[in-house]
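What follows is one structure encoded as structure tokens, with my remarks underneath.
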Amino acid sequence: MPVQREEVLRALEGVIDPELKRSVIELDMVRRADVVDGRADIEIALTVPGCPLRASFETQVEDALRPIEGIDEVTLSFTVMTPEEKAALTTKLRGGVSERTPGISVDAGTRVIAVASGKGGVGKSSLSANLAAALSGLGNRTGVLDADVYGYSIPHMLGIRQRPIVVDKMIVPPVRGDLKVMSIGFFLDENSPVMWRGPMLHRALEQFLSDVHWGELDVLVVDMPPGTGDVAISLGQLLPRAEAVVVTTPHRAAQQVAVRAAQMARKTNMRLLGVVENMAYLVGSGEELFGSGGGEELAREIEAPLLGRIPFDPRIGELADEGQTIVEVEPESEAAGAIVELAHALVATRRERGVGIVKPLPLLSA
């Protein structure tokens, strides 16, 4: 019996766009699906020409159609969506996002976990990358937002080379396995400094956050800029209902400035989940290289739990330089185990929602 077109289309429902994470049938991407003399001729409309992930489509289509009796050969060609089709796709994708306070465009059911610190150099970004990988490994649909505008490093740490795709006015994050990743660094020349003043930066961040389409996420990990400057305050306003984790090292100086980050999180009405003491001790030996007690002291001072103590392991930095996480590459390691335990602790916390800034932020006049 000849193969029916409806049977081919049903099989193609299993072909998933690697970035949008939706079926090509659901997204109306299939332009042609014909079978003549045992050859399936398929055409898919991509959002942009030269899509870097077209190889994934080729593999998926082949795997989906080969098992159908009567199909001996599969040919796949590509075209590009028209502006009208892109606008329709944007409308369809945006339609899945529930109403939320202006700012970041994610569904109201998505937990937003802001990883903050009082100063740089405490390992906040590498912890964010590994924490996101750990949460994903626990079965959570996870995204990572690199909001450290002046020190963006998440793409490098996760080995992301591709640029985001822009569909109409919607930005689609690149994917790494099951992780969705977005960074301001994607829109700048390699290693270029960000030289914007406060108001311009706030407007850029607002547009950047609202235009990114995250799709269906369980949790979004946000790598916050260190300190309590303009960018951190703007992000506090633009990340409604976010929950903050404050990272410190055992060193007294890091603990003291981390208090300010915790205070700012509360003033922007973020729920303060707790404290993470990073580089707590040298992996394997337990030697306290950077002092002791900083995490416990910070937790006591801000009246929040100490969620975890992550050991100092040189492999975390080495793997980050290679675009990998220790959680994925060396899951049996002591550091990976501590980060996974932290992920479990965060998942176990009961979610509460804020309503935006409720306390006035002090302003200093010149």
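In my numbering, each residue's number is its place in the sequence shown (first place is 1) plus 668. Quick reminder that beta carbons are idealized off the backbone N, C-alpha and C, glycines included.
On the premise that residue j lies in contact with residue i, defined as a C-beta separation below 8 Å, what is that separation, rounded to the nearest angstrom?
i, j, result
"L987", "I978", "Actually they are not in contact, since the Cβ atoms of L987 and I978 sit about 14 Å apart, beyond 8 Å."
"A800", "V889", "4 Å"
"V676", "V703", "6 Å"
"L761", "L688", "7 Å"
"R809", "L885", "5 Å"
"V913", "L941", "5 Å"
"L1010", "L966", "Incorrect: roughly 15 Å between the Cβ atoms, too far for contact."
"E753", "A713", "7 Å"
"V742", "V729", "6 Å"
"F746", "R722", "6 Å"
"V817", "V899", "5 Å"
Of all the options the options, which has the alpha carbon lying nearest to the alpha carbon of residue i?
i, options, result
"L847", "E741, F855, V835, G807", "G807"
"T1017", "P751, V729, V997, E911", "E911"
"R829", "Y818, S794, V849", "V849"
"L757", "F876, T916, T715", "T715"
"D879", "R700, L677, V840", "V840"
"I822", "K837, G963, D891", "D891"
"G777", "R909, S953, K935", "R909"
"G682", "P717, D709, R734, V671", "R734"
"V925", "G962, P973, E694, R831", "G962"
"V943", "T936, P918, G952, N937", "P918"
"K792", "R779, G811, V774, A815", "A815"
"F876", "V834, G845, V843", "V834"
"K787", "S960, A1003, N946", "N946"
"M825", "G991, E730, E964", "G991"
"R678", "R707, T727, R699, A732", "A732"
"V671", "V698, D685, D709", "D709"
"V927", "G819, E752, E971", "E971"
"L803", "E741, G819, I781", "I781"
"Q931", "E969, R779, S960", "E969"
"I852", "E964, Y820, V1008", "Y820"
"S902", "W882, G883, A933", "A933"
"R690", "A1013, D740, I984, G883", "G883"
"P999", "F725, G805, T747, A755", "G805"
"V1008", "R699, F746, A797", "A797"
"V1040", "G845, L907, G811", "Look at the range of the chain in this structure, 669 to 1034, and you will see that residue 1040 is not part of it."
"V790", "I736, A1013, G985, Q905", "G985"
"G906", "E874, L1014, E964", "The residue asked about is misnamed: residue 906 is Leu in this sequence, not Gly. Minimum Cα distance to L906 is reached at E874."
Can you say whether residue i is buried or exposed, counting buried as having 16 or more other CB atoms within 10 angstroms of its CB?
i, result
"P894", "buried"
"A921", "exposed"
"P982", "exposed"
"D1035", "Beyond the ends of the chain as shown, which are 669 and 1034, falls residue 1035; an answer cannot be given."
"T896", "buried"
"S785", "buried"
"L695", "buried"
"G1072", "This structure does not reach residue 1072, given that the chain is present from 669 up to 1034, and the question cannot be answered."
"G954", "exposed"
"E674", "exposed"
"T936", "buried"
"E767", "With a pLDDT of only 42 at E767, under the threshold of 50, the placement of this residue in the model should not be trusted; the figure read from the coordinates follows. Per the 10 Å Cβ criterion, exposed."
"K837", "exposed"
"F620", "Residue 620 is absent from the structure shown; the chain starts at 669 and stops at 1034."
"M1003", "Position check: residue 1003 holds Ala in this sequence, whereas Met was assumed. It is buried - the Cβ of A1003 has at least 16 other Cβ atoms within 10 Å."
"P832", "buried"
"P717", "exposed"
"D740", "exposed"
"P973", "exposed"
"R700", "exposed"
"G952", "exposed"
Let me check one thing: in DSSP terms, what residues is residue i bridge-paired to?
i, result
"F980", "L950"
"A713", "T747"
"S851", "D814"
"T966", "It should be pointed out that residue 966 corresponds to Leu in this sequence rather than to Thr. According to DSSP, L966 bridges with nothing at all."
"A708", "V703, V742"
"V683", "DSSP output for V683 lists no bridge partner at all."
"V887", "R779, T810"
"L974", "V943"
"S838", "Note on residue identity: the sequence assigns Met, not Ser, to residue 838. Partner(s): V835."
"V843", "K848"
"S691", "I684"
"V698", "I712"
With hydrogens ignored, establish whether the beta-carbon of residue i is closer than 7 Å to any heavy atom of the ligand GTP.
i, result
"G788", "Among the components of this structure there are no ligands whatsoever, and the ligand GTP is therefore not found."
*Output the residue ranges of the alpha helix (DSSP H) runs that lie fully inside the segment 722-752 and measure 4 residues or longer, sorted by chain position.*
Runs found: 722-733.
*Write down every uninterrupted run of the alpha helix (DSSP H) in the segment 901-944 whose length is 4 residues or greater and which is fully enclosed by it, in chain order.*
Runs found: 920-935.
*Counting only runs that start and end within the segment 753-815, where is the beta strand (DSSP E) found for 3 or more residues in a row?*
Listed in chain order, they are 779-785, 810-814.
_Any alpha helix (DSSP H) of 4 or more consecutive residues that is wholly inside the segment 996-1021_ = Runs of the alpha helix (DSSP H) lying entirely within the segment 996-1021 and spanning at least 4 residues, in chain order: 1002-1016.
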